[in-house]
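Worksheet: one structure, shown below.
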Amino acid sequence: MKRFENVILSIRGIVFVCLFFLFSLQSLADNIIRGTVVDASTKEPIAGARVVAHGLQKHSTMTDEMGQYELAIPDNVSMLDISAPGYNLVQKSVVKGGDVSLFRDVFLSDYDLETVVSSSRTVSDFSLSPSLSIDTDISNRLGGDVRTVTQSGNPAMGASMLIGGINSLHANAQPLIIVDGVYYDQQYGRETLHDGFINNMLANISVADIDKVTVLKNATSIYGTKGSNGVIIIDTKRSTSMATRIEVNAMAGVELLPKFMDMMNASEFRLYASELIGGTDTKQTSFKFLKEDPNYYYYNKYHNETNWSEYLYREALTQNYSISVQGGDEVADYNLSLGYVNGQGTPVCNSFSRLNLRFNTDIKLGEKVSTRFDVAYNNNTRNLRDDGVPEDFVSSTILSPGFLGYVKSPFLNPYRYDEKGNLTTFIEGADDFAEGLALNSSWANPVAINVYGEARNKNYHESSMFNISISPRYDISSKVYLQTLFNYSLSNVNERSFVPMTGVPTFYISGVGISYNNASNLTAKQESLFSDTKINWHDRFANHSINLTGGFRFTNDSYLSSHQEGHNTGNDKTPNLSQSLAFKTVGGEDDKWRSMAWYAVVDYNYLFKYFLEGAVSMESTSRFGSDVKSGLPLAGLRWGVFPSLQAGWLVSSESFFKGVRAIDFLKLSAGYDVSGNDDIDVTASHTVFSSSKFLDNSIGLSLKSIGNNTVKWETTRRINLGADIRAFNNRLGLNVSLFKSFTSDLLTLKSLPEISGEGFYWSNGGSLQNQGVNARLNMKLLATREWSWEAGFSLGHYHNVVTALPDGDFTTKLYGAEILTAVDHPVGVFYGYQTKGVFASTEEAETAGVYQLLPTGAREYFGAGDVEFVNRDDKLVIDDDDKTIIGDPNPDIYGNLFSSLSWRRLSFDLQWNYSLGNDIYNYLRSQLESGSNFFNQTTALNRRWIAEGQQTDIPRATFGDPMGNGRFSDRWIEDGSYLRLRRATLSYKLPVNSVWLQGITVWLAGNNLLTFTHYLGTDPESSLSNGVLYQGIDAGLVPQGRSVQVGLKLNL
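According to this note's numbering, the residues represented by the sequence shown are 132 to 1183, in order.
Below, the structure is given as structure tokens:
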């Protein structure tokens, strides 16, 4: 009986607790909020606007014809989500009342449905973009978050990108790219046959297929050893409704001729060349180009006025077409797209074409089972020639038509004269006017390189990529789901290069022999397997919301390439490789690497006002050495562990913020995360032997590299602070994020003893530090019934400094420059001589009394017309001790300016890019103003020193430059700051709305229309390589030119 009474009492207690709990829940719904939703431009009420309690979809309502609403919400709701068709989402703090003004979607969206605590930024809508590769739009629209420098003016050539400064020295410092949840290998550092060409993997993705791009600047620890350089997430388009929708885009454009250096004309160059000869032991009468007798047999050949750029460049046409169809039913949604691009480069014989196909589907297989199935294929082809100034003038003749167009004498002609002095259509051979002065001093006819190198089996690049992925999901319950993503990618590359013998000089290869022409071929294949399996649990308990994800990620990649080269094919009609060719060489790569990672993420918020995100990942890869000491030992492997903690506070939802009427939204955030970089050479941890040819016939093994079994990942620790503000009725938006990062265990190249036969091996050592800020301000300046105007800017800044090096400071020689890596200095600074000017007279030079030492130890004094280098010590000798830091390629600030003005159906958008405070080493100008060889020179050489007492900034012309006037110095370092109107777009939406035609938009765009800069080169925005130490080096790649496009967009 007693037990029964206890049971009754227990039941009563349970019932009481349940009733109390239900009463508590009921009390949470007692708050009634009322308000009116109006158009911010006209102040007219918006009927049918949706008002939702943030995070509680079941608490929602719609506005009536007067724009009014009434909604019962729990006590723990701090914010409302208000949206309407044709308007941007607004999130309103409950404490600030229920009245809301919505801006039309012609303005940028200020809010996201999900409140995140990490520092990220997302952009979407690329429908009117003429870009052939998404990196251009990243530069135009995310320039304050990502420092983006375009590689060259050739179509879809890509860009160098940095997020949060520089976090590595010798390893890859570019961000991780993720496309539809899959790691996207950019193949950085892979071999190509043509100088100045980088295989831009982002060119495989049509911009028309992209839905949105998100930049993650911190909280990247979930990506383990891939996340230290930031992350760029690209999501392609998927169906958004079951209604069938068709979008057609067509674009045609023309790119105008780029800017060129001002070069000497024929008479100016003839005078300059005669001065050079006068400084040698050669008699001028022996040179044919100096004979002025019109009856002389070679007179016509050497008396022309040729602007070589007219034969080497053109106004380039571009076409871009795409069509997409999306729709579905209750079972499946799909998005099918097809696109074609044909874009010429301004250099003759350079072009890019792409055929792309993508099919994305979302399929519901059952009540709890669904899957995503995606297939994509693209094929890219390019006609190529070498581009830019060679780094090495010794091992090969000059083959870049663009650079040859600068250095070729203007008194020559690309076509021959016959015996009667008539110009023919036969292409002239290599020049010979300076023969006899030096070995390999003849230069090719660039027209011959273009004409005789034109064929699919000569100078051609083809790449294709196939991608298939499936992502099934099983909803275990309404709060738990299990999902996996499996992806297979196949990338193929076939590149050919051919140097003709017609019009190209023979070249003596040291220790090998004479090359009359050569052919080479490169084939490469990369296969990638990627899987990501995760389980997610999410729930809400009264005031608490939690989202927990745990998963396992696996990658398996293989890269196989083969490279063959041979010389002397016999003629230019047989460019194929065969066993009969001379000086044959073969090579290739066979790389395999794998990684696996476990990860967990916890998202928690309290009252949707206080947010906390914790994450941790542990990753092991085959790139690590077998004897790594740090990390977590588990299952016979070493695992890098990468934690993260981010916190956010929605201040504007606090009750004390009710009286702050000027600010509509204020969120503060802070965080700390650890991430890694495992961009280690695949063979760095292993000693590798390779096959080698001996005595031209025998094959054997030789040591290729010495491994280090302790090599491991770099580690970056980052602290961040952020603030998001919306003010003045959402007319002003401001985002600011501060960061400071510390990178340790830098991947460095350490010297080996000479006895090893190898130069370097990979090791971990040293550290560096970055700190900076990213900010963005946008203002809705005008919002009326017919007019809207929004403007703003973004800003990025970072300052990096090397804090430790394992073997002390060192310099790296690249393109004639010395790049200093030193403790307490930024990464990549230029190290060379400072100059004061030019000695105007012998007396001035003798007073200075400075000299240089010859290899014999004898002194050679600087004289009149020589550069006066700054003597930084008490010695009078100019030597390495006088070198100092002369430039820094890192900018002070960079970013975008933008303006978007609309009147009725007409819109006018401006996008500006800028960079301030960065220095550029003008390697091109150092070759075209050296005054030491028979390259044609810029018109600056017309003011070279020629007489006693002459005041000038250009030294005397001397063959061979015995005094080193052209050495690496601040003569070649320039301010690379610029402000560029990157894109101006005028668009008009035609007033159509029929059953089958939903909309027509016509648009006109101009790119690079204005550039304000003091830079003397052809383009202040140029990137020679993705490598950190290459930044700021201008090697004369094709500059970006002005272009104009017209486009049509149809919505069916």
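Even for Gly, the Cβ is constructed at its ideal location relative to N, Cα and C.
Where residue 608 is concerned, there is no enclosing alpha helix (DSSP H), because DSSP gives it neither an H nor an E. Comparing alpha-carbon positions, the option among 704, 1014, 675 and 715 lying closest to residue 694 turns out to be 715. Counting other Cβ atoms within 10 Å of its Cβ, residue 1074 stays below 16 and is therefore classed as exposed. Residue nearest to residue 1023 within the set 1032, 1048, 1038 and 1036 is 1048 (criterion: CA-CA distance).
Boundaries for residue 252: no alpha helix (DSSP H) harbours it, while the beta strand (DSSP E) harbouring it runs 251-255, taken from the DSSP string. Rounded to whole angstroms, residue 538 and residue 555 show a C-alpha spacing of 23 Å. Scanning 188, 1103 and 1030 for the CA closest to the CA of residue 1056 turns up 1103.
Secondary-structure assignment with DSSP links residue 596 through a beta bridge to 509 and 622.
Restricted to the stretch 949-1036, the alpha helix (DSSP H) segments that are unbroken, complete and at least 4 residues in length are 973-979, listed in chain order. Residue environment: residue 657 is assigned as buried (16 or more neighbouring CB atoms within 10 Å of its CB, all protein chains considered).
Here DSSP, grouped into helix, strand and coil, assigns residue 1154 to coil.
About 16 Å separates the CB atoms of residue 848 and residue 809; that is not less than 8 Å, and the two are not in contact. Straight-line spacing of the CA atoms in residue 206 and residue 162 works out to 6 Å. Residue environment analysis places residue 526 among the exposed positions, since fewer than 16 neighbouring C-beta atoms fall within 10 angstroms of its C-beta.
Using a Cβ distance threshold of 8 Å, residue 892 and residue 800 do not count as a contacting pair.
Measuring C-alpha to C-alpha distances from residue 954 to each of 965, 947, 948 and 942 identifies 942 as the nearest. Under the DSSP assignment, residue 269 falls in the alpha helix (DSSP H) whose first and last residues are 265-272. The Cβ atoms of residue 287 and residue 264 lie closer than 8 Å to each other. Take residue 577, set aside five residues on each side of it, and the residues of its chain with a beta-carbon closer than 6 Å to its own are 443, 532, 535 and 536, in chain order.
In this chain, residue 581 is not harboured by any beta strand (DSSP E); it is covered by the alpha helix (DSSP H) spanning 577-583.
Within the same chain, 296, 901, 902, 903, 957 and 1021 come within 8 Å of residue 930 by CB-CB distance, once the 5 residues on both sides are set aside. Annotation: residue 1056 is outside any beta strand (DSSP E); the continuous alpha helix (DSSP H) that includes it extends over 1054-1059. Between the beta-carbon of residue 591 and that of residue 499 there is about 51 Å, and that puts the pair past the 8 Å contact cut.
DSSP, read as helix, strand or coil, puts residue 883 in coil.
Residue pairing from DSSP leaves residue 428 without any beta-bridge partner. By the Cβ neighbour-count rule, residue 986 is exposed, with fewer than 16 other Cβ atoms within 10 Å of its own. As the crow flies, the alpha-carbon of residue 635 is around 14 Å from that of residue 547.
Counting along the chain, the unbroken alpha helix (DSSP H) around residue 401 starts and ends at 397-409.
Within the DSSP secondary-structure output, residue 770 pairs in a beta bridge with 763. The alpha-carbon separation between residue 315 and residue 508 amounts to approximately 14 Å.
Under DSSP, residue 198 forms no beta bridge with any residue. In this chain, the beta strand (DSSP E) harbouring residue 658 covers 649-672.
For residue 717, the enclosing beta strand (DSSP E) stretches over residues 713-737. The shortest CA-to-CA distance from residue 462 to any of 744, 172, 373 and 679 is the one to 373.
Separation of residue 471 and residue 717 (C-alpha to C-alpha, rounded to the nearest whole angstrom) is 35 Å. As DSSP reads the structure, residue 854 sits in a beta bridge with 799 and 867.
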